[in-house]
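Numbering (mature numbering (1 follows the signal peptide of the UniProt record, and there is no 0)) for the sequence shown: -26 to -1, 1 to 187. Every residue, glycine too, gets a C-beta built ideally from N, C-alpha and C. Only a predicted model underlies this, so the values are computations on that prediction, with no experimental measurement involved. Okay, so here's the structure we're looking at.
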Amino acid sequence: MTRRFPAVAGAAALAAALLLSATACSSSDDDKTSEDVADTPIPAAASVGDIPDLQARWWGWAAAQPTATHPVLDDTGAHCAVGQGGDVWFVAGTLGGEAKRACTVPAGRTIAGPLLNVTTDTPAACTDFIASADGEVILDGAPVDVKKIEPEAVTFTAVAGNPFTKEAGEVAKQGCGLWFALAPLQPGVHKLNIHGVSDVYKTSVEYTLTVTA
């Protein structure tokens, strides 16, 4: 029997698939107006291909967090900084449903994540999932390029209590999904909306990202 782990993007999935000095995340401010959103030009989207092993790195990040503080299960952004670091700041979807997250992102970080993603035992199962996957990413009102990543081998380490594998250990799967990457954003407040839908599940996340100077 094929085992699927979806996530979300992100947003994707190990339970349905697509890591670290911590940065602060805060709840969104409902009083923000459109004038508060950074009106600087949107940077050209970074290439997903410029991030080696993107899927494996994202899954390694996602599977390294326990359920209690997991960014994929976070409805407010309180845990969006968990496990972040390096050159890429990861975003995520949900395991199905909607979320609104407010996060503080260090300047100079590429931002990347899935609209929908999954890991499976076989390439064929991953192909079946990706065939129905669709979605969009909107940054400050403008569309962002989305890339479909076909099945590829991914390996990562999971911790006990993560919401996907549940158990600790080394994981080897096939990963696929819809992904995006953004070049580092200008300091200020940005709105990032991630929407994904497939025959398996759908996810929608609204991020309010405050990029520090």
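Just how far apart, CA to CA, sit GLY60 and ASP48?
-> 22 Å
Which residue from PRO125, ALA116 and VAL65 puts its Cα closest to that of VAL92?
-> PRO125
Would you grab the beta carbon distance between HIS164 and VAL179 for me? Rounded to a whole angstrom, and I think it's under 8 Å.
-> In fact, because the Cβ distance is near 14 Å, the residues do not count as touching under 8 Å.
Straight-line gap, LEU156 to ILE112 (C-alpha atoms, nearest Å) = 11 Å
Quick one: Cα of VAL171 to Cα of VAL120, how far?
-> 14 Å
Whole-angstrom Cβ separation of GLY51 and ARG83, contact assumed at under 8 Å?
-> The pair is not a contact, with the Cβ atoms about 16 Å apart (cut-off 8 Å).
Which of the three DSSP states, helix, strand or coil, is assigned to GLU124?
-> strand
Got a sec, what are the start and stop residues for the beta strand (DSSP E) GLY143 sits in?
-> 143 to 156
Do PRO40 and GLY135 have their CB atoms nearer than 8 Å?
-> yes
Considering only C-alpha positions, which residue in the set CYS150, LEU69 and CYS77 is nearest to SER106?
-> CYS150
Which listed residue (LYS176, VAL133, ALA127 and LEU183) has its alpha carbon closest to that of PRO26 = ALA127
In its own chain, which residues sit with a C-beta less than 7 Å from the C-beta of ALA187, not counting the 5 before and 5 after it?
-> ALA81 and PRO161
Below-8 Å beta-carbon distance, GLU72 vs any chain B residue = Any reference to chain B falls outside this structure, which holds one protein chain only.
Determine the direct distance from the alpha carbon of THR94 to that of GLN148, and round the result to whole angstroms.
-> 5 Å
Per DSSP, which residues does TYR181 bridge with? Please list them.
-> ARG75 and LEU166
Cα-Cα, which of LEU159, GLN58, GLY23 and LYS122 is closest to ALA37?
-> GLN58
For GLY109, is the classification buried or exposed, using 16 other Cβ atoms within 10 angstroms of its Cβ as the cut-off for buried?
-> buried
Inter-residue spacing [alpha-carbon to alpha-carbon] between ASP173 and TRP33 = 21 Å
In three-state DSSP terms, what is THR93?
-> strand
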